[in-house]
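Chemist: Residue numbers (the numbering used here), protein chains in the order written: chain A, 2 to 471; chain B, 2 to 471; chain C, 2 to 471.
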C-alpha cells in the first residue's frame, strides 16, 4: 500500500479555511527549531557516530511505539528489549523491525503513527506502508541511509534546522558531554542541559539516600546536614547555569507545594535519609522541596517546569523485568489550584520567575491552568504533553486555554522527545496545528488575518525564547 | 411538520469530507449486527408474540424516554407506570402515547430523539413529526403495523440482520429460555446469555444474603461457607459458558479491585451475610470479589466487562414508588488507574483475559482508559456508554482515545439496549459516526483512504468478534 | 491595523452550514434582551449620569480585562487601581488606557477581546485596532462620545433593547434605588433586584457575625435566636419579592446541601456567631442553609441559582492590597450528584421550584448537570459561566448537554456582567452561537430546519422567561 504525505495535512477540511491555514503555516514553516525541553542523549551529537539500525533508532527506545505492540500481545523481548529476570534470547534488530512492520496498522490515527509516517517519507523517501512483506527491504533501505554522512547526528541536527536543543540531566552529572560540545569548534549548535532533581527531592524515590549522600560529598558537608543539602542543590543548579542550562524540570505525581519551617524540614530530612518517613511525611517533604526549588529559581533564574500527574511503572512485573519507561506510565487526575497555592502565594507575582505547568489530565487546561496563567505573571501554560501531544488533543488544548489566557501565556511547543529523528515531524505538526487553529478563528471572524500572522510567529519563535529565556 | 431522514445524516458537513464518509459507510452499511451486550428480554424471541402497542414498545420501558417527560413535569403514572404506593389509576397506552407526542419537541437533539426518528421513519414509514394533533392517528398506524407478521420479534430479528444478540441475566437464572431458543429449529439466530452477578458480590446490594443462600443451596454447600460461595459462582459461570455465554458483566460504583487473603475474605463474608459490614468493609469485600471475577475469567474465558460510575436511584421517593431504571441514575466522577491496579498487577498482561472498561465520566477516556488499553494486552476500551452513546459524544470519544490507543484497542460498538426496535438505529448511528470520524482523518491527511476502508470493517466486524470471542 | 467586524462572525466555516446559521440568527437577532442575572449597578440607570471615561468604563472594573495585563507584568496601580497598603500614586485614566492599548494583542482569541472588539466597532465606530500610537486619539474619541446624550445609561438601555435587567444585591439592601427607578415615570425599563445572601449563610465568610446581627435587628429578634435568623432571611426574601426580585443567587465553593435537625442547626448557629466553628462545622452549617434557601424558594417562588466551584482570592497579597474581584478567582473541580442530593431528595421533584446549576468545571456538564436536569423537574442547566462564556466553550457546552438533556432544560443565556456596555455584545454572541450549533445539527440531519427555527426562539426568549419566571 502506497504511503505519501498530504501537503495539506492537519489543515482544516473546509477549503477556504484550509487556504488561510496554508498561508499562516508558510509564515513559520522554515523558522529554526527551538527545543527547550527534551530527552535526546547529547553524546550522539558529541561522538556523531552513525545510528545502528532502524530498530535501535525507531523502536527499541520509544515507549510510545513499543507499548502498542505490547498491548497487542507482543512480548517486549520480541522487540529487542532484554528481560533482566530471564536469560532467554531477545530478538535481533531485524526481527524486531519485522514485528513492528507486521503491526504497523496499530498506529493508524495515533501520534506515533503520524510522526513515523513523516520520518519514513521525508527522511528516508519510503513510499510504501510497512508490512510483513516489505519489512526486510525497508530495514535494508534504512540501513543504507544510516551509513551515509547525511544521516550522522550532526548532519541531521543541521538539516533539521535546530537552533537550541535542551537535554535532561541528573543534578550530579558532570556535564562533560555538554562541555565538550561547547569546546568543539566543529559543532556550532546550541545544546543545553536541564536540571532534573526528582530523585534527590522525593524521599520515596529509589536512590534518594544515595543521591543525598553524593550531594553532601560534592558539597563537602556532612550527609546529615539539611543546610548542606540545600546548599548543594543550589550549588549544582549554579553549575548547570554555568553550563548553559535554562530550566529545571520537576516530575511529580501531584504538583504539591508545602510551606514548612526549615527546622521541620531539617527534622524530616534527617529521618528521610534513613527511609523512616511515612507516605504523608514523604509527600510533605517533597512538597517542601518543590517550594525550595521555586525559591532557588527566583534566585538563579532557571525556568521551573512542572510535569505532574503520571503514575509511573503501573505494572510491577514489567518494571522488574524491563525497567522504567516501558509504556506503563498512566495519567491520573491532577489538580493545581490548591496544591500549588503555597508556591504561588510566595512567588507567583514575580514576573522574572517563570513557572511552566504541564498536564496529562486535560480537564485542568480550561479549569485551572489557563485561569492561573491568566492572572499570575510567573505562570505559563505548558504545551500539550505526552499523550496529549497529538493533533486532536492539541486543538482541544488550544480551544480550552485560549479563550481564558489568550495566546501569550503559553510556553510555545516542547517536543519532549528522546526520538531524535522525530523532532522535525513534531515541530512541523505543532506549527501546522497552530495554523489550523488560527485559520478557524480568522474564518469565524474572531481574529483578523494580520493578527493571526503576528500570532503564529510569536507562538513558534517569540514565546519559547521569552518563556525559556533562550 | 414533515419528518424525513437525511440520507447523509451524521456525516461531516464539508462536502468533500462527506463524500469520503459516504464511501466508507457503504463498506459496512449492510454487515450483520453483532450485539454482544444488551438488555433485550429473550422471551420475546422465544414466544414471538406481537408487541402490544406503541406506548408499551417505545415509551413505558425506556427510561431514556420517560426521564425527559418526567423532567418536564409529567407524572410517571401519566406514562402508564404504576405507583406502588398509590392506588390512583395510571394512563392507558393511548393516553401515554398522546402525552409523549405532545412532548416530542423535548427530544430534538438527543440520542433518543435521533433513534426514535429513525424508527418512526424506517420501520413504520411515518412522515410527520408526532404532535398532539396526530397522536391518535400514529398510535393506530403503529398498532396496525404491530399486528402484522413482519413486526413479530423474530421477523424483525431477521430483518435487522442480527447475527448475535447477548442478553443480561441473573447468575441463578436457569437459562431455560436460552435453551429453548437453541432447541427451536425454527429460530436460527444466536442469542447468548451474559453473567451479571452484581447483587451476589456486593454486600451492600439488596438481596445479597438471599442470593448467597441460593448459591449455596444450588452448590450443596453450607450457606456460611466462603469456599462454597466461590465454588458456586465458578459453577454458575460454567453453567453460563455451557449455555453459550461469552461475557460476564459488572456494574459497580467505582471500579475498585482489592487483593486480600482468602482468610480475610472469608471472615468478611461471614459477617456480610448478617449485614454486619461497615461501608468500608463492604466496599473492600466487593472489590475483592471483582478481583475474584477476573481470576475466574482467566480460568473460564468469559470476557469481563465493567460498567462503573453510575449513582443508581438518586431519588428515593421515585425509587420507592416506581422502582429502579426510572431515569434517575446519574454519573459520577470515576477513576480507573489506582482502583483497578491490583487486578491489572495480577492479570493485566494475560492476552487471553479480556477486560472491557466502559465509562460515563468521559474525562477518563483520554486520561486513563486509552493509556491503560495502550499498554495492557487484556484491556479494551469500551464503546461510549449510556449518556455518551450519542453522536457528538461518540466523536469526542473517538478523538479522545484514538491518538493514544489507535483503533485496535476498542471493543467495537455495544448497543446496551432493552429497546429492541432501536437496535438497527443504534448500530447504523455507530457506523455512520465511524465513517464520519475516519473521513475527517483521511481529509486531514492523517490516514489514507485504503487504510480507512480497512479500519471501518475492523471496527464494525473484526473487533467485536475478537474482543467478545464470538 | 484595521478593525472591522465580520458580519458572519461565529458562524460555522462550511458555506452551506453558515448559510443555515445566518438564517437562524436572523430569527432572533432583534428580539429584546432578557438579562435575569448580572452585576450592573442600578444607580447608573437611576442617576443617568454620563460615564466618566474609557478606562473607568472598560478597564478599571472589569477583572476579565485587568487580569491579563497583570499576568503580563503590569502592576494593577498602572491600571488606575489603588493599592490600599501603599500611598504611591496610581495611573490616570488616560495613562491606564494607554497601557491597555499597548497590550491589546493579549486579548486576541479571548472572550473579552471579542466583546471589546464588538463594543469598539458597533458602539464607538472605531475602525483601527488599539495600539500605543493611537491610544490618545481613541481615548479622546470615546470621551467625546460619552459626553453625548446617546451614551447616557438610559439611552443605551433603550438602544440595547433591554427588556429586563436583574442586579445582584445584599439581603439588607433597602432597594431604594430599585424603588426609585420604579417610581420614575421617565424610565420604563424593568430593573429587578436579586437576593444574594452568601455572607449571611456561611460562618466562614468575613462579616458573618455582623450580617447576622443586622438581620436580627431588622427582624426585632435577639441576635442569638436561630429562629429569628431564619425568620429574618425569609422576611428579607419577601422584601425582595415585593420589590420585583425573581431569583436568589448562591455562590459557594462546593454545592453542598446538608439536611440537619433544627436543634443541631441552632446549636451550630450559636457557636458560629462567636466564630467558634471548625471548618467542617462551618461547611455543614452553610450546607444546611443552602437547603433552607431551597425550602424558602419553594415557599416564596424565588428561582434558586447556584454558582459553585470558584476559589476566591487565590493570592493573599493581591487581596490585601486591592481587594476582591481582581482576577485571581480560580475554578476548582466541582461535583453535584452527591453534595446536592439531600436538597434534591426533598425538593427535586417539585416543578414550581426552579434550581439553576452553573459550572466553571466543564466536566460536570455531560457527567452530572445534564443527567440531573434530564430527570428532576426542578433542575435547569445554567448557561456557560465566567471562563466558559466564550465561543468555543459555549459550543462545547451545547454539545455536552444537549444529547442528554435536549434544548428545553437550559436556563437560557445569562450575561452575568458588571460591564454594562458589553451586554449587547454578549447576548449577540450567545445568539450567534446558538445559530451555529443548531445549523450544524440541521446539516448533519439530526434536526430539521423548522425545528431549529422553533428552538432558537425558545432558547433566546421562551426559556429565560419560563425558567426565571419573568
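All residues carry an ideal CB built from backbone N, CA and C; glycine is no exception.
Between the segment 370-382 of chain C and the segment 408-422 of chain A, do three or more beta carbon pairs fall short of 8 Å?
Modeler: no
Chemist: Run through DSSP, which three-state label would residue 384 of chain A get?
Modeler: In the first chain, counting from the first residue as 1, residue 384 of chain A sits at position 383. Coil.
Chemist: What are the residues in the segment 385-398 of chain C lying within 8 Å of chain A by C-beta distance?
Modeler: 388, 389, 391, 392, 393, 394 and 397
Chemist: Closer than 9 Å, Cβ to Cβ, to anything on chain B: give me those residues from the segment 407-426 of chain C, in chain order.
Modeler: 407, 408, 409 and 410
Chemist: Taking DSSP as the reference, what is the three-state secondary structure of residue 197 of chain C?
Modeler: The residue given as residue 197 of chain C occupies position 196 in the third chain. Judged by DSSP in its simplified three-state form, residue 197 of chain C adopts coil rather than helix or strand.
Chemist: Going by beta carbon distance, what residues of the same chain come within less than 8 Å of residue 335 of chain B, once the five residues before and after it are set aside?
Modeler: As a working mapping, residue 335 of chain B is identified with position 334 in the second chain. The residues 255, 256, 309, 310, 360, 361, 362 and 365, in chain order, have a CB closer than 8 Å to that of residue 335 of chain B in the same chain once the five nearest residues on each side in sequence are set aside.
Chemist: Please list the terminal residues of the continuous alpha helix (DSSP H) segment that includes residue 458 of chain B.
Modeler: Along the second chain, one-based indexing puts residue 458 of chain B at 457. Segment 450-458, the alpha helix (DSSP H) holding residue 458 of chain B.
Chemist: Count the other CB atoms, across all protein chains shown, that sit within 10 Å of the CB of residue 53 of chain B; report buried if there are 16 or more and exposed otherwise.
Modeler: Within the second chain, the letter at position 52 stands for residue 53 of chain B. Per the 10 Å Cβ criterion, exposed.
Chemist: Indicate whether the contact test is met: 3 or more Cβ pairs, each with one atom in the segment 321-337 of chain A and one in the segment 83-92 of chain A, closer than 8 Å.
Modeler: The segment 321-337 of chain A makes contact with the segment 83-92 of chain A, as at least three CB pairs between them are under 8 Å.
Chemist: Could you tell me which chain B residues have their CB closer than 8 Å to the CB of residue 312 of chain A, listed as they occur along the chain?
Modeler: In the first chain, the residue the question calls residue 312 of chain A occupies position 311. Under the 8 Å cutoff, chain B gives 338 and 339.
Chemist: Are the segment 187-196 of chain B and the segment 230-249 of chain B touching by the rule of at least three beta carbon pairs closer than 8 Å?
Modeler: yes
Chemist: Return the residue from the list B:396, B:166 and B:270 that minimises the CA-CA distance to residue 45 of chain B.
Modeler: Position 44 of the second chain, counted from the first residue, corresponds to residue 45 of chain B. Closest by alpha carbon: B:166.
Chemist: Out of curiosity, what's the CA-to-CA distance linking residue 36 of chain C and residue 163 of chain C?
Modeler: As a position in the third chain, residue 36 of chain C is number 35, starting the count at 1. As a position in the third chain, residue 163 of chain C is number 162, starting the count at 1. Using only the alpha carbons, I get a separation of about 8 Å.
Chemist: Taking one C-beta from the segment 417-435 of chain B and one from the segment 175-187 of chain B each time, how about it: are there three or more such pairs within less than 8 Å?
Modeler: no
Chemist: Check the C-beta distance from residue 13 of chain A over to residue 22 of chain A and give it rounded, since I have them as a contact under 8 Å.
Modeler: If you number the first chain from 1, residue 13 of chain A lands on position 12. If you number the first chain from 1, residue 22 of chain A lands on position 21. Correct: roughly 6 Å between the Cβ atoms.
Chemist: Give the residues of chain C in contact with residue 49 of chain A, contact being defined as C-beta atoms less than 7 Å apart.
Modeler: As a working note, residue 49 of chain A is residue 48 in the first chain. Neighbours of residue 49 of chain A across chain C, judged by C-beta separation under 7 Å, do not exist; the nearest C-beta is about 42 Å away.
Chemist: Can you tell which of A:345, A:10, A:201 and A:190 has its C-alpha closest to the C-alpha of residue 475 of chain A?
Modeler: Any answer about residue 475 of chain A is impossible in this case: the structure gives chain A only from 2 up to 471.
Chemist: Assuming residue 119 of chain B and residue 6 of chain B make a contact with CB atoms under 8 Å, what is their CB distance in whole Å?
Modeler: Taking the first residue of the second chain as 1, we reach residue 119 of chain B at position 118. Taking the first residue of the second chain as 1, we reach residue 6 of chain B at position 5. About 7 Å separates the two Cβ atoms, so the contact holds.
Chemist: Return no unless some Cβ of chain A is closer than 8 Å to the Cβ of residue 131 of chain C.
Modeler: For the purposes of this step, residue 131 of chain C is taken as residue 130 along the third chain, with counting starting at 1. So no, residue 131 of chain C is outside the interface.
Chemist: DSSP beta-bridge partners for residue 305 of chain A?
Modeler: Along the first chain, read from residue 1 onward, the residue named residue 305 of chain A stands at position 304. A:249 and A:356, per the DSSP bridge assignment.
Chemist: Between which residues of its own chain and residue 55 of chain B is the CB-CB distance below 6 Å, once the five residues before and five after are set aside?
Modeler: For this step, residue 55 of chain B is matched to residue 54 along the second chain. Contacts found: 98, 140 and 143.
Chemist: With three or more beta-carbon pairs closer than 8 Å as the criterion, would you say the segment 341-349 of chain C touches the segment 387-394 of chain C?
Modeler: no
Chemist: From B:8, B:38, B:57 and B:218, pick the residue whose C-alpha is nearest to that of residue 96 of chain B; which is it?
Modeler: Position 95 of the second chain, counting from 1, holds the residue named residue 96 of chain B. Among B:8, B:38, B:57 and B:218, the Cα nearest to that of residue 96 of chain B is on B:57.
Chemist: For residue 26 of chain A, return the contacting residues in chain C, with the cut-off set at a CB-CB distance below 8 Å.
Modeler: By one-based count along the first chain, residue 26 of chain A stands at place 25. Within 8 Å Cβ-Cβ: nothing; residue 26 of chain A doesn't reach chain C, min ~17 Å.
Chemist: What is the rounded straight-line gap between the Cα of residue 281 of chain B and the Cα of residue 312 of chain B?
Modeler: Stepping through the second chain from its first residue, residue 281 of chain B is reached at position 280. Stepping through the second chain from its first residue, residue 312 of chain B is reached at position 311. Near 17 Å, if we compare the C-alpha coordinates of residue 312 of chain B and residue 281 of chain B.
Chemist: Which residues, in order along the segment 87-110 of chain C, keep a beta-carbon less than 8 Å from a beta-carbon of chain A?
Modeler: 106, 107, 108, 109 and 110
Chemist: Please compile the residues from chain B whose C-beta is within a distance smaller than 8 Å of the C-beta of residue 361 of chain A.
Modeler: Position 360 of the first chain holds residue 361 of chain A. Those within 8 Å of residue 361 of chain A in chain B are 368.
Chemist: Let me check you understand the geometry: is the CB of residue 354 of chain B closer than 7 Å to at least one non-hydrogen atom of the ligand ATP?
Modeler: The ligand content of the structure shown is nil, which means the ligand ATP is not present either.
Chemist: When you check each C-beta in the segment 243-261 of chain B against every C-beta of chain C, which residues fall closer than 7 Å?
Modeler: none
Chemist: Mind reading off the beta-carbon distance from residue 25 of chain C to residue 436 of chain C? Whole number of angstroms is fine, and I expect it under 8 Å.
Modeler: Along the third chain, one-based indexing puts residue 25 of chain C at 24. Along the third chain, one-based indexing puts residue 436 of chain C at 435. 4 Å between Cβ atoms; contact.
Chemist: Consult DSSP for residue 299 of chain B and reduce its assignment to one of helix, strand or coil.
Modeler: What you label residue 299 of chain B is simply residue 298 of the second chain in a count that begins at 1. Correct three-state label for residue 299 of chain B: helix.
Chemist: Do residue 117 of chain C and residue 100 of chain C count as a contact pair if the criterion is CB distance below 8 Å?
Modeler: By 1-based counting over the third chain, the position of residue 100 of chain C is 99. By 1-based counting over the third chain, the position of residue 117 of chain C is 116. Not in contact: residue 100 of chain C and residue 117 of chain C (Cβ atoms no closer than 8 Å).
Chemist: Given that residue 63 of chain C touches chain A, what residues does it touch there, using C-beta distances under 9 Å?
Modeler: Taking the first residue of the third chain as position 1, residue 63 of chain C is located at position 62. Correct list: empty, because the minimum Cβ distance to chain A is about 13 Å.
Chemist: Counting only beta-carbon separations shorter than 8 Å, does residue 9 of chain C have a partner in chain B?
Modeler: Working through the third chain from its first residue, we reach residue 9 of chain C at position 8. Residue 9 of chain C does not count as touching chain B.
Chemist: Could you check how far apart the C-beta atoms of residue 147 of chain A and residue 43 of chain A are, in whole angstroms? I think they sit under 8 Å.
Modeler: On the first chain, position 146 is the one that residue 147 of chain A refers to. On the first chain, position 42 is the one that residue 43 of chain A refers to. Wrong, their Cβ atoms sit about 19 Å apart, outside the cutoff.
Chemist: I'd like the span of the beta strand (DSSP E) that includes residue 36 of chain C, first residue to last.
Modeler: By 1-based counting over the third chain, the position of residue 36 of chain C is 35. From DSSP, the beta strand (DSSP E) with residue 36 of chain C extends over 34-36.
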